[in-house]
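Undergrad:
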Amino acid sequence: PFWEGFPYADIHQSMTPDVLHQLYQGMFKHLVSWCQLALGKDELDQHICRLPPAYGTHHFKNGISAL
Numbered sequence: 277p278f279w280e281g282f283p284y285a286d287i288h289q290s291m292t293p294d295v296l297h298q299l300y301q302g303m304f305k306h307l308v309s310w311c312q313l314a315l316g317k318d319e320l321d322q323h324i325c326r327l328p329p330a331y332g333t334h335h336f337k338n339g340i341s342a343l
């Protein structure tokens, strides 16, 4: 491996997770799939469409299930 010549290198500390893609989007996808199982895709889309408009939120014309 490439780190053999570095006796004080800790390979586990050099590779950090990507917060946006691994943590945030991973949790979002998990929660959306869990809500789809609990409510169904159509009902979840209806609930998301009924949210009042607020700064920073987006409304998707095909629903959140199409993401």
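Take 277 as the starting number for the sequence shown in my numbering and just add one per residue. C-beta atoms are modelled at their ideal positions from N, C-alpha and C, and glycine is treated no differently.
Between Cys325 and His334, is the Cβ-Cβ spacing less than 8 Å?
TA: In this structure, His334 does not lie closer than 8 Å to Cys325 by Cβ.
Undergrad: Between which two residues does the alpha helix (DSSP H) containing Ile287 stretch?
TA: Segment 287-290, the alpha helix (DSSP H) holding Ile287.
Undergrad: Taking a contact to mean a Cβ-Cβ separation below 8 Å, would you say Val308 touches Ile287 in this structure?
TA: It is not a contact, given that the beta carbons lie outside the stated cut-off.
Undergrad: Do Leu320 and Gln312 have their C-beta atoms within less than 8 Å of each other?
TA: In this structure, Gln312 lies closer than 8 Å to Leu320 by Cβ.
Undergrad: How would you write the range of the alpha helix (DSSP H) that Lys317 sits in, first residue to last?
TA: Counting along the chain, the alpha helix (DSSP H) containing Lys317 begins and ends at 317-325.
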